[in-house]
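A.B. asks: I'd like to ask some things about the structure below.
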Amino acid sequence: MKQALRLLSSNPVVVLGVRRQRFSSVLDRTSRGFLCTTTFVQPRRPFAVAVDQTPTLRRPPQPPPPPPHTEPPIIPPTAEARKDVYHFELRMKQKIYCEGSLLHAVQTSHIFADCKTFVDMPLKHDAESTLNKWEALQSLGAVNAETLAAFIRENFDEPEGELVECAPADWDPMTDKFRKIGDEDYRRFATALHGKWPTLYRKIAEKVLVNPERYSIIPVPNPFIVPGGRFREMYYWDSFFTIKGLIASGMLQTVRGMIDNMQFLVETFGFIPNGNRVYYLNRSQPPLLTWCAHAYFEATKDVSFVENILPTLRKELAFFQTNRSIMLEGWSSPLFRFTVQAVRPRPESYREDMECAHHLTDLDEKCTLWGDIAAAAESGRDFSARWFANSGPLAGKLQSMRTSQLVPVELNAIICGNIRLMGEMYDVINDVEGSKWCALMQDQMRRTMHQVLWNEEHGCWFDYDLKAMEQITTFNDTNFFPMFTRSTHEGFDSNRVADYLIRSGALGFPGGFPSSLVTSGEQWDFPNSWAPTTWVLIEGLRAAGQPEMARDIADKWVRKNFNMWKSSGGKMFEKYNVVSPCYKVSGGGEYEMQEGFGWTNGVILDLLTTYGHLIRWTAGDTCECCSTDGFCGIDVATATAAKVPDVVDELPSSRHDLHFEDATLPQTPSTSSLESMDTSTTSSDPEDGLRIR
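Using our numbering, the first residue of the sequence shown is number 1, and each one after it goes up by one.
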C-alpha cells in the first residue's frame with residue numbers, strides 16, 4: 001500500500017469501489033505503472049476513500065473505525081463520475097455488440113440462424129478481458145468455425161437472462177373493464193388478452209445493474225411489457241399501442257412506469273432509441289412519447305405529471321428538429337424524414353445487410369445503403385416496397401433502398417400532432433407562452449403538409465420524393481395518419497379520403513386493412529395487416545367524422561384476430577393475412593412469424609372497450625374454403641410481382657364480397673436471392689462509433 005501511495009500525484013483523488021479488495025486491485029494496477037485517469041465506479045454500495053498524494057509517506061488522518069459488524073460509510077459518487085463511467089461502459093459494450101472483428105466473425109459464420117441472437121447474449125466476463133482474449137485467439141492464426149464456437153461458449157451466456165419475469169402489481173384478474181362488451185365470445189377474448197400481460201411483463205435483472213457492461217441491454221428503472229418472441233426488450237413505438245391496451249386493462253401504474261422509462265432514455269441520450277439495446281443507439285422510431293403522455297393524462301388527470309413530462313417532450317422534439325428535419329425553398333416550416341448515418345450494417349441484422357450491399361464496391365455507397373436500411377428500421381416499417389426505388393436496374397428491390405430521400409406522411413403527421421398535444425398540455429398548466437408557441441408551430445407545419453403532401457386530385461396525402469421533387473401516389477396504410485393527429489388543412493373534407501379508400505379497393509379484404517397493395521414479399525406489404533396502423537386508421541376516421549367506416553374496419557380486424565386466436569389455441573401474432581377472415585397466417589421479412597404480441601393485444605383491448613357494444617362474432621365468420629396458401633410464409637426469395645387482382649381471382653371473392661374494380665394497384669418486382677459478400681472494404685476503425693443523426 002505504501003509503495004502504491006508513493007506513485008500517486010500530488011493532487012488528491014477519489015478512488016471508488018465496493019469492497020476493500022476492489023480498492024487494492026486499483027492500487028495494484030497503479031503500482032504497475034497504469035496511472036488511473038478514469039474514475040472507477042462499481043454500481044453497488046459505493047464508497048469513497050480520499051488519498052492524499054503528497055511526497056511524504058505519512059497517511060492523512062483516518063476516521064475512527066466503524067463499529068463492529070457494520071458496513072463502511074456510503075458516499076455516493078459525483079454525477080460527473082457516474083457519467084464518465086456510464087460512457088466508458090457504453091463504449092466497451094459497443095466494441096462487443098456493435099462493431100469490430102468479433103461481431104463480424106460471428107455474424108458472418110452462420111453459427112446462429114438469427115443475427116439478433118448473438119448481440120443479445122450476455123458476457124460471462126467484462127468486455128475488456130473478452131476483447132483481449134479474442135485478440136489473443138486471432139494472433140494464433142485463422143479462426144475456424146470450431147474455435148469460434150468454443151470462444152462463444154466460453155465467453156457468452158444464452159440470451160434472455162438480463163430480464164426477469166415478475167408480476168405486475170396493478171394487474172387484477174377480476175377486472176370489470178370488459179362488462180360493456182356485448183358479445184360473450186369477445187368478452188372472453190378480452191379477458192384472455194388481459195391475462196397475457198403478466199406473461200409479457202419484465203424487469204431488468206439485478207445482475208445487469210451490478211455488471212452493466214456485460215449486457216447489450218440498456219437498463220431502465222421500471223418494469224415494462226415486451227412485444228414477445230425474438231423481441232426481448234422494450235420497443236419505442238410498440239409501447240404506445242401496448243399502453244392503450246394497458247389503460248383498457250386499468251393498469252395505470254404499469255403505464256406510468258413505462259413512460260418514466262422513456263423519459264429516462266430521453267434525459268440520458270436526448271432521444272428514445274429504437275429499443276433499449278446498445279445496438280439501437282443510432283436510430284429512434286416514430287416519436288410517440290407525446291401520445292403516451294397524453295393518453296396517461298386523459299386517464300388520470302394528473303397535472304403534476306404534465307408539468308414533469310413537458311420539458312422531456314420538448315427535448316425529444318428538439319432532437320427531431322435538429323437531426324431529422326429538412327427545409328426547402330417555398331416551405332413555411334421544415335418537414336421531417338427518417339434518416340440515419342451508418343458506417344456498418346445493423347448488428348442485429350448484420351448478415352442480411354452485408355448481403356444487401358454485395359453489389360456495391362465503394363464504401364461510401366455501402367454506408368449510404370446501410371443508413372437507408374437503418375432509417376427504414378427507424379420508421380418501424382422494416383421493410384416495405386415503399387422505401388424502394390421505382391425506376392432503374394434495382395427498382396423494387398431491397399438493394400435500391402432510399403428511405404432518406406422521402407418525406408413520409410406519418411412522421412410529419414405524428415410530429416405535427418405532438419406539437420398540438422403539447423399545446424393542450426401547456427394549457428393544462430396555464431403556460432400561455434408555451435401554448436402560443438405550439439399553436440404557431442402547428443399552424444405553419446399544417447400549411448406545409450398541405451402544400452407538399454396533400455393531393456387534391458386523389459383526395460389523400462402521399463409521401464414526397466425529395467430527389468424527383470414530386471409525390472409518390474402509391475397506396476400505403478400510413479397515408480391516413482393526418483386524420484388521427486388532426487394535422488389536416490383548413491377546409492378538409494373527410495369524404496374525400498373515404499372516397500379514396502373505397503376506390504383503392506383496400507376495404508374489400510375480409511381479413512383486415514392491408515399495409516400496401518404491392519406483393520413485394522416484404523412484411524409491411526400485401527397481404528399483411530398490422531395492428532398499429534389499423535388502429536390509427538380506425539381512430540382517424542372516427543375523429544374525422546366517418547364513424548361507420550371506422551366501425552366496419554374495427555369489426556373486421558377484431559374478427560380476424562379472434563378467429564386466429566381461437567384456431568391457434570390462444571396465440572396472438574404481430575401481423576395478419578388480410579386475404580382470409582379466418583386462420584391463415586402472414587409472413588415475409590427478415591425473421592419468422594412472432595407470437596405474443598404486445599401491440600396487437602393492446603389494440604384489440606382498446607377496440608373492444610370502444611366498439612365492444614357495437615360488434616358481434618358469429619360462427620359463420622370462419623371460412624375454411626379460402627385458398628390462401630400462396631400467401632402463407634411468403635419470403636424474399638420466392639415472392640412474385642403478381643398484381644393483387646391476379647391473386648385474389650383464385651379466391652371465392654363472391655363469398656367475401658370483394659371489390660377491386662376501381663383499385664389502383666402498383667406492381668413491384670420481386671427481390672431476388674442474394675449472394676454472400678466480400679467484406680474486405682468494410683470499415684474496421686474502432687473510432688467510427690455510433691453516430692446519432
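Note that CB positions come from ideal geometry on N, CA and C, so glycine has one too.
Specify the secondary structure class of Asn-476 as computed by DSSP and reduced to three states.
C.D. replies: Stepping through the sequence shown from its first residue, residue 476 is reached at position 476. Reduced to three states, the DSSP call for Asn-476 is strand.
A.B. asks: Determine which residues share a DSSP beta bridge with Asp-238 and list them.
C.D. replies: Residue mapping note: residue 238 aligns to position 238 of the sequence shown, counting from 1. Beta-bridge pairing links Asp-238 to no other residue.
A.B. asks: Got a sec: is the Cβ-Cβ distance from Lys-566 to anything in chain C below 7 Å?
C.D. replies: Protein chain content of the structure displayed is limited to a single chain, and chain C is not contained in it.
A.B. asks: Is the beta carbon of Thr-312 less than 7 Å from the beta carbon of Val-266?
C.D. replies: Against the sequence shown, residue 312 aligns to sequence position 312. Against the sequence shown, residue 266 aligns to sequence position 266. Against a cut-off of 7 Å, the Cβ pair of Val-266 and Thr-312 comes out as a contact.
A.B. asks: Quick test of the definition: if touching needs 3 or more C-beta pairs under 8 Å, does the stretch 492-511 touch the stretch 410-428?
C.D. replies: Taking 8 Å as the limit for Cβ pairs, the verdict is that the stretch 410-428 does not touch the stretch 492-511.
A.B. asks: Please classify Asp-176 as buried or exposed, where buried requires at least 16 neighbouring CB atoms within 10 angstroms.
C.D. replies: Position 176 of the sequence shown, counting from 1, holds the residue named residue 176. So Asp-176 ends up on the exposed side.
A.B. asks: Can you tell me whether Thr-618 is buried or exposed? The criterion is at least 16 other CB atoms within 10 Å of its CB, across all chains shown.
C.D. replies: Indexing the sequence shown from 1 puts residue 618 at position 618. Counting Cβ neighbours within 10 Å, Thr-618 comes out exposed, since fewer than 16 surround it.
A.B. asks: For the beta strand (DSSP E) that Trp-437 lies in, which residues bound it at each end?
C.D. replies: Position 437 of the sequence shown, counted from the start, is the residue given in the question as residue 437. Here Trp-437 belongs to no beta strand (DSSP E); instead the alpha helix (DSSP H) covers 432-453.
A.B. asks: Is Lys-196 close to the ligand SAH? I mean its beta-carbon at under 6 Å from any heavy atom of the ligand.
C.D. replies: Of the ligands one can find in the structure shown there are none, so the ligand SAH has no counterpart to examine.
A.B. asks: Just curious, the beta strand (DSSP E) that Arg-256 is in, first and last residue?
C.D. replies: As a working mapping, residue 256 is identified with position 256 in the sequence shown. That residue, Arg-256, is in no beta strand (DSSP E); its alpha helix (DSSP H) goes 252-269.
A.B. asks: Check each candidate in Trp-565, Ser-391, Thr-368, Tyr-280 and name the one with the smallest Cα separation from Gln-94.
C.D. replies: Position 94 of the sequence shown, counted from the first residue, corresponds to residue 94. Gln-94 has its Cα closest to that of Tyr-280, out of Trp-565, Ser-391, Thr-368, Tyr-280.
A.B. asks: How many Å lie between Phe-336 and Glu-490 at the Cα?
C.D. replies: Position 336 of the sequence shown, counted from the start, is the residue given in the question as residue 336. Position 490 of the sequence shown, counted from the start, is the residue given in the question as residue 490. Cα to Cα, Phe-336 sits roughly 21 Å from Glu-490.
A.B. asks: Taking the beta strand (DSSP E) that Asp-463 falls in, what are its first and last residues?
C.D. replies: Stepping through the sequence shown from its first residue, residue 463 is reached at position 463. That run of the beta strand (DSSP E) goes 463-465.
A.B. asks: Are the CB atoms of Phe-189 and Val-220 within a distance shorter than 7 Å?
C.D. replies: The residue labelled residue 220 in the question sits at position 220 within the sequence shown. The residue labelled residue 189 in the question sits at position 189 within the sequence shown. No, they are not a contact pair.
A.B. asks: Per DSSP, which one or two residues make a beta bridge with Ser-529?
C.D. replies: Locating residue 529 in the sequence shown gives position 529, where the first residue counts as 1. The partner list for Ser-529 (beta bridge, DSSP) reads Tyr-576.
A.B. asks: What residue does the alpha helix (DSSP H) around Lys-315 start on, and which one ends it?
C.D. replies: Position 315 of the sequence shown, counted from the first residue, corresponds to residue 315. Lys-315 -> alpha helix (DSSP H) spans 303-323.
A.B. asks: Enumerate in chain order the residues of its own chain whose CB-to-CB distance from Met-401 is below 7 Å, with the five nearest sequence positions on each side excluded.
C.D. replies: Looking up residue 401 in the sequence shown gives position 401. Counting only Cβ-Cβ distances below 7 Å, and skipping sequence neighbours, we find Leu-369, Asp-372, Ile-373, Ala-376, Trp-387, Phe-388.
A.B. asks: Looking at Glu-378 and Val-340, is the spacing between their C-beta atoms short of 7 Å?
C.D. replies: In the sequence shown, the residue the question calls residue 340 occupies position 340. In the sequence shown, the residue the question calls residue 378 occupies position 378. Closer than 7 Å, so yes.
A.B. asks: Can the beta-carbon of Glu-233 be found less than 7 Å from the beta-carbon of Asn-276?
C.D. replies: On the sequence shown, residue 233 is found 233 positions in, with the first residue counted as 1. On the sequence shown, residue 276 is found 276 positions in, with the first residue counted as 1. Yes. Within cutoff.
A.B. asks: Who are the near neighbours of Leu-507 in its chain, counting only those whose CB is closer than 6 Å to its CB and skipping five residues on each side?
C.D. replies: If you number the sequence shown from 1, residue 507 lands on position 507. Excluding sequence neighbours, Leu-507 sits near Leu-501.
A.B. asks: Exposed or buried, which one is Gly-392 when buried takes at least 16 other CB atoms within 10 Å?
C.D. replies: Stepping through the sequence shown from its first residue, residue 392 is reached at position 392. So Gly-392 counts as exposed.
A.B. asks: Starting from the Cα of Glu-154, find the closest Cα among Leu-131, Val-164, Gly-141 and give me that residue.
C.D. replies: In the sequence shown, residue 154 corresponds to position 154, counting from 1. Considering only alpha carbons, the answer is Leu-131.
A.B. asks: Going by DSSP, which residues form a beta bridge with Tyr-201?
C.D. replies: Numbered from its first residue, the sequence shown carries residue 201 at position 201. Beta-bridge pairing links Tyr-201 to Ile-225.
A.B. asks: Do Gln-399 and Cys-367 count as a contact pair if the criterion is CB distance below 7 Å?
C.D. replies: Indexing the sequence shown from 1 puts residue 367 at position 367. Indexing the sequence shown from 1 puts residue 399 at position 399. Going by C-beta atoms, Cys-367 is not nearer than 7 Å to Gln-399.
A.B. asks: In chain order, which continuous runs of the alpha helix (DSSP H) of length 4 or greater are located wholly inside the stretch 398-435?
C.D. replies: Here the runs fully enclosed are 409-428.
A.B. asks: Between which two residues does the beta strand (DSSP E) harbouring Glu-160 extend?
C.D. replies: Taking the sequence shown and counting its residues from 1, one reaches residue 160 at position 160. Taken as a continuous stretch (DSSP letters only), Glu-160 belongs to no beta strand (DSSP E), as it is neither H nor E.
A.B. asks: Just to confirm, are Cys-438 and Val-497 a CB contact at a threshold of 7 Å?
C.D. replies: Counted from its first residue, the sequence shown places residue 438 at position 438. Counted from its first residue, the sequence shown places residue 497 at position 497. Cβ distance not < 7 Å, so Cys-438 and Val-497 don't count as in contact.
A.B. asks: Quick check on Phe-231: does DSSP put it in helix, strand or coil?
C.D. replies: The count along the sequence shown starts at 1 and reaches residue 231 at position 231. Note: Phe-231 maps to strand in three-state DSSP.
A.B. asks: Since Pro-122 and Phe-151 are thought to touch, with beta carbons under 8 Å apart, how far apart are those beta carbons, to the nearest angstrom?
C.D. replies: Sequence index remark: in the sequence shown, residue 122 carries index 122 (1-based). Sequence index remark: in the sequence shown, residue 151 carries index 151 (1-based). In fact, because the Cβ distance is near 15 Å, the residues do not count as touching under 8 Å.
A.B. asks: Near Asn-601, which residues of its chain fall below 7 Å by C-beta distance, leaving aside the five closest residues on each side in sequence?
C.D. replies: Here the question's residue 601 lines up with position 601 in the sequence shown. Leu-193, Lys-196, Gly-245, Met-572.
A.B. asks: Taking only three categories from DSSP, how would you classify Leu-288?
C.D. replies: On the sequence shown, residue 288 is found 288 positions in, with the first residue counted as 1. Coil at Leu-288, not helix or strand.
A.B. asks: Could you pull the DSSP bridge partners for Ser-516 from this structure?
C.D. replies: Working through the sequence shown from its first residue, we reach residue 516 at position 516. Answer by DSSP bridge pairing, in chain order: Asn-476.
A.B. asks: Within a Cβ cutoff of 7 Å, which residues of the same chain sit near Lys-467, ignoring the five residues on either side of it in sequence?
C.D. replies: Position 467 of the sequence shown, counted from the first residue, corresponds to residue 467. Same-chain partners within the cutoff: Gln-405.
A.B. asks: By Cβ distance, which residues of its chain are closer than 6 Å to Gly-380, with the 5 residues on each side in sequence left out?
C.D. replies: Numbered from 1 along the sequence shown, position 380 holds the residue referred to as residue 380. These residues qualify, in order along the chain: Trp-237, Gln-285, Pro-286.
A.B. asks: Just mark Pro-581 as buried or exposed, buried being the case when its beta carbon has 16 or more other beta carbons within 10 Å.
C.D. replies: Along the sequence shown, one-based indexing puts residue 581 at 581. Buried is the call here.
A.B. asks: Measure the C-alpha to C-alpha separation of Gly-709 and His-87 and round it to an integer number of angstroms.
C.D. replies: Missing from the structure shown is residue 709; the chain here goes from 1 to 693 and no further.
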